[in-house]
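Report on one structure; see the data block that follows.
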Amino acid sequence: MNIYEQIAAEIRSASQIVITSHKSPDGDSIGSSLGLLRFIEKLGSSAVVCHPDAAPDSLEWVGLDPILLMSDQPGQVTKAFEQADLIFCLDYNGTDRIGPDMQTLLEAATCKKVMIDHHLHPQDFATLMMSDTSSSSTAQLITELVIESGHEALLDAHIGAPLYLGILTDTGSFRFPAVQPRTHELVAILLAAGVQHHLIHEALNDNNTESRLRLQGYAMSEKLEILEDYHVAIISLTKEELAKYNYQKGDTDSLANLALSIKGMKVAIMLAEREGMVKMSFRSKGEENPVNTLAADHFNGGGHANAAGGMSKESVKETVDKIKEVIPDYFSK
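In terms of numbering that gives the first Met the number 0, the sequence shown opens at residue 0 and continues consecutively.
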């Protein structure tokens, strides 16, 4: 019995399943959670999705109603954990990634836990681990789970749409090096199952608000710094600037990639002052320009070689100054 068949067997034998994912949800955490939920339901079992906090409004179209939030519904989430006999840990490699409140619930739970993830350096906290750092996304691994456990016939557009969303967003629309031939093979299977990819692209890309576009325009015209010698672009936004443009969750998500698209840029770093800290996104091109080590060494973060996150408790200016100070240690002229 392969790992996929083992996981499917655990699903069939469980009566109370909880699906979890990391804080600050993105397309992959949402897509893999909902794709797995719908697969579990197709198998005839029941599950509940519990996330630490809300997804961006731009993902509402995929169907967020089944997701319980620790930030908004702590009693329901706590009850779900206490009753669970199987917990899925999707798209995170350590229990601290789900926030302190849910981390306490997860670590206190004595039931079986299944990790499905593609990030480096996974912690050994799960009963079953499907950790594949070569995979493009957790959604790709959930797609593999459906197929390799012998349930491809269950795939339909309802299961496949969130899985396509997860693969699409975590590969940067199939541009990142983690995209493999197998990624496209699985996408072809999803399309054959009825996923309407053009509608997903439209929902993601043609859903801007006026304030989001004005914020992005301000960021690019007024807050973009170029370190020419090191081919690094930096965008920084204070909480006051975010408030001026009526910032909503997700409004700055594309800025790092937009800065990286500038001709000659090898690295882009986006900083935004939110929730009492400076949150950071790192993006880069090529194997010779990894950003996860920079994020881990100096900004309490990590991730993939070309896409990582981090945070700073210093001011925006102090954080930018620190970036400029350490950049020469990581990127050549």
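Where is the CB? At the ideal position from N, CA and C, for every residue including glycine.
From residue i to residue j, what distance separates their C-alpha atoms?
i    : j    : result
Q102 : D320 : 33 Å
V194 : T237 : 39 Å
K336 : A267 : Outside the displayed span of the chain (0 to 332) sits residue 336, for which this structure offers no information.
D64  : T126 : 29 Å
L41  : I166 : It should be pointed out that residue 41 corresponds to Lys in this sequence rather than to Leu. The straight-line gap from Cα to Cα measures roughly 21 Å.
Q82  : V76  : 10 Å
E240 : S45  : 44 Å
L154 : I326 : 46 Å
G159 : D328 : 43 Å
D68  : I97  : It should be noted that the sequence gives Leu, not Asp, for residue 68. Taking the straight line from one Cα to the other gives about 11 Å.
S253 : F175 : 15 Å
P161 : E59  : 11 Å
Can you tell which of the options has its C-alpha closest to the C-alpha of residue i?
i    : options                : result
M269 : H303, G216, I233       : I233
A294 : E286, E287, H303       : H303
Y22  : A192, A107, D95        : The identity of residue 22 in the sequence shown is Lys, whereas the question assumes Tyr. Of the candidates A192, A107, D95, the one whose C-alpha sits nearest the C-alpha of K22 is D95.
S57  : N305, T77, D250        : D250
H50  : D71, G171, H150, E4    : D71
S331 : M114, Y229, L85, V290  : Y229
S134 : L214, L241, M219, A177 : A177
S314 : R273, N256, S172, I16  : R273
L119 : N305, Q139, N92        : N92
P289 : F298, A307, N299       : A307
C110 : F124, L85, A79         : L85
V61  : T77, Q82, L36          : L36
E147 : Q5, P161, L257, A258   : Q5
M219 : M129, A192, L259       : L259
M310 : A271, S283, I326       : A271
E287 : K265, F281, S280       : K265
F173 : H196, I158, S235, A54  : H196
A7   : D52, M129, I66         : M129
Q1   : Q82, V145, A46         : Looking at the sequence itself, residue 1 is Asn, so the reference to Gln does not match. Comparing Cα positions, the closest option is V145.
I10  : I39, E81, N206, D100   : I39
E184 : H200, E227, I326, Q139 : Q139
Y163 : D131, A202, P55        : A202
E317 : M276, K112, K284       : M276
I29  : P121, K262, I141, F124 : I141
S235 : V113, H297, Q179, L223 : L223
P24  : V113, D90, G34         : D90
E227 : I115, K323, G301       : K323
L189 : N206, A79, A152, T170  : A152
What first and last residue would you give for the alpha helix (DSSP H) that runs through residue i?
i    : result
V76  : 73 to 82
M101 : 99 to 107
V315 : 315 to 325
I2   : 2 to 12
L189 : 180 to 191
I199 : 196 to 204
L414 : The structure shown does not extend to residue 414, since the chain is modelled only from 0 to 332, so the question has no answer here.
A54  : Here A54 belongs to no alpha helix (DSSP H), and DSSP marks it neither H nor E.
L241 : 238 to 243
Relative to the ligand SAH, is the shortest distance from any of its heavy atoms to the C-beta of residue i smaller than 6 Å?
i  : result
I6 : Although the ligand SAH was asked about, the structure shown includes no ligands whatsoever.
Quick one: give me the first and last residue of the beta strand (DSSP E) that residue i is part of.
i    : result
H50  : 46 to 50
D116 : 111 to 116
G309 : 306 to 311
F38  : F38 -> not in any beta strand (DSSP E); alpha helix (DSSP H) instead, spanning 26 to 41.
E224 : 223 to 226
S23  : Neither: S23 is in no beta strand (DSSP E) and is coded neither H nor E.
L85  : 85 to 89
inquiry  = I'd like the ranges of any alpha helix (DSSP H) spanning at least 4 consecutive residues and lying wholly in the region 270 to 297.
reply    = Entirely contained in the region 270 to 297, the alpha helix (DSSP H) runs reaching 4 residues are, in chain order, 291 to 297.
ask   = Where are the beta strand (DSSP E) runs, 3 residues long or more, that stay fully inside the region 126 to 168, in chain order?
value = DSSP runs (the beta strand (DSSP E)) wholly in the region 126 to 168: 127 to 130.
ask   = Taking contact to mean at least 3 C-beta pairs separated by less than 8 Å, is the region 9 to 22 in contact with the region 210 to 224?
value = Contact between the region 9 to 22 and the region 210 to 224 is absent, because fewer than three Cβ pairs lie under 8 Å.
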